[in-house]
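The structure under discussion appears below in the form of structure tokens.
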Amino acid sequence: MHHAPLDPTAIDPHRPWIRDARDNPHEMNWMQVLFNPLGSSPKLHFTRAWTFMFLGRVLLFIVPVFAVFLASLAGADLGGLWKPVKALALPVPELLLPFFVFTIVTEVTSWIAHVRRFNEANKSPLWAMIVLIPLTLALVGFILGAQGGIKQYEAMHAPKPAVTQQVETPEATADGAAAADSKDAEAKETKDAKAKQARKGPPQQRRQGPPPSEREMAAGAGFGLATPIWAICSLFVMFWTLLYVARIPNGGVGKFKTGSDVAQGEEDLPPGYAVS
Numbered sequence: 014m015h016h017a018p019l020d021p022t023a024i025d026p027h028r029p030w031i032r033d034a035r036d037n038p039h040e041m042n043w044m045q046v047l048f049n050p051l052g053s054s055p056k057l058h059f060t061r062a063w064t065f066m067f068l069g070r071v072l073l074f075i076v077p078v079f080a081v082f083l084a085s086l087a088g089a090d091l092g093g094l095w096k097p098v099k100a101l102a103l104p105v106p107e108l109l110l111p112f113f114v115f116t117i118v119t120e121v122t123s124w125i126a127h128v129r130r131f132n133e134a135n136k137s138p139l140w141a142m143i144v145l146i147p148l149t150l151a152l153v154g155f156i157l158g159a160q161g162g163i164k165q166y167e168a169m170h171a172p173k174p175a176v177t178q179q180v181e182t183p184e185a186t187a188d189g190a191a192a193a194d195s196k197d198a199e200a201k202e203t204k205d206a207k208a209k210q211a212r213k214g215p216p217q218q219r220r221q222g223p224p225p226s227e228r229e230m231a232a233g234a235g236f237g238l239a240t241p242i243w244a245i246c247s248l249f250v251m252f253w254t255l256l257y258v259a260r261i262p263n264g265g266v267g268k269f270k271t272g273s274d275v276a277q278g279e280e281d282l283p284p285g286y287a288v289s
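Anchor point for the sequence shown: position 201 equals 214 in this note's numbering, and the numbering is continuous, going up by one each time.
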């Protein structure tokens, strides 16, 4: 198989479609793009950084989960990897701890990358605050869920009202005898039900170990509510990034489009075009 010869005059001989010198991948400084919100990033540098952050999240979630799934099918006992560990007061499964840490870090670096992209396109960097909406709403959801978990814990451990003793009367004695007969009948029914259950099979196993503490119930309920909120909001932010931010032309001049196949100064501008 023959390959076309590389163009030595191209900005990047391996990527001849890049015609805007500002998008030169060899000029990209990853530390600046991810951690310096005071600078600016052209279209291609932003796209490369965002792709790295997105694929990192996907791989850190899918790869370990799928590997443990296959190992479990083969008979390996890896249930301990799902044991929750404390990470920022959240009960995160040990298997997904790298994913959790990477996600928190990339929430910040994604905001920085968006700020730099808007700076380069001569647009207000305040638009980058949209990236932080999923995390903000997730924190609100965690607080609300944690409050619900605390109320559930208090309801489970609320003191029972004291039973008042009454003076026995002939009528009360008769009622007590009837109640005793009723209890005997209920005990017999319970015994019969247990016998039927024993014939059907063993009952479902309950939660092993001590009951959850107030903090564990609060964190579990909060995390359970915050996770779907974060996932759904992040999906909408992802489409906004791909369809708008990643398509803003360099310098804010030119058409909204993907790629870098138009050189600087060769943009096909409509009459009366003004840079915002």
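Where is the CB? At the ideal position from N, CA and C, for every residue including glycine. On a predicted model such as this, the values are computed, not experimentally measured, just so you know.
Item: DSSP three-state assignment for V98, whether helix, strand or coil; Value: strand
Item: Span of the alpha helix (DSSP H), counted from its first residue to its last, around L108; Value: L108 -> no alpha helix (DSSP H), and no H or E assigned at all.
Item: Whole alpha helix (DSSP H) elements within the segment 62–92, 4-residue minimum; Value: none
Item: Candidates L47, W30, Q45, D25: closest to P38 by CA position; Value: D25
Item: Nearest candidate by alpha-carbon position, reference S137, set Y166, V258, E280; Value: V258
Item: Distance cut-off 7 Å: P138 Cβ against heavy atoms of the ligand ZN; Value: In the structure shown, the ligand ZN is absent, as is every other ligand, since no ligand is present at all.
Item: Beta carbon of R61 nearer than 8 Å to that of T116; Value: no
Item: Between the CA atoms of A168 and F252 - distance to the nearest angstrom; Value: 42 Å
Item: Cβ pair I125, L68 closer than 8 Å; Value: no
Item: Close Cβ partners of V144 (< 7 Å) along its chain, the five nearest in sequence each way excluded; Value: S123, W124, H127, V250
Item: Among E229, L57, G88, F65, nearest to R35 - alpha-carbon criterion; Value: L57
Item: Helix, strand or coil at M44 [DSSP, three-state]; Value: helix
Item: Per-residue DSSP class, three states only, for T271; Value: coil
Item: Whole-angstrom C-beta distance between A134 and G265, which should lie under 8 Å; Value: 4 Å
Item: Selected residue, minimal CA-CA separation from D94, among G235, L83, L109; Value: Here the sequence assigns Leu to residue 94, which means Asp is not the residue at that position. The shortest C-alpha separation from L94 is found at L109.
Item: Opening and closing residue of the alpha helix (DSSP H) in which P234 lies; Value: For the sequence presented, residue 234 should be read as Ala rather than Pro. Per DSSP, A234 belongs to the alpha helix (DSSP H) from 227–256.
Item: Whole-number beta carbon distance between G158 and G235, since they are thought to touch under 8 Å; Value: 4 Å
Item: Start and end residues, alpha helix (DSSP H) containing A141; Value: Run containing A141: none; DSSP gives neither H nor E here.
Item: K164 - containing alpha helix (DSSP H), residue span; Value: 146–169
Item: Through-space distance from A276 to F79, alpha-carbon basis; Value: 44 Å
Item: Beta-carbon separation (whole angstroms), L73 vs P111, contact threshold 8 Å; Value: 5 Å
Item: Pick from A87, T119, F82 that is closest to M66, judged by C-alpha positions; Value: T119
Item: Residue burial classification, L238 (beta-carbon count within 10 angstroms, cutoff 16); Value: buried
Item: Short Cβ contact (8 Å threshold) for S247 with R129; Value: no
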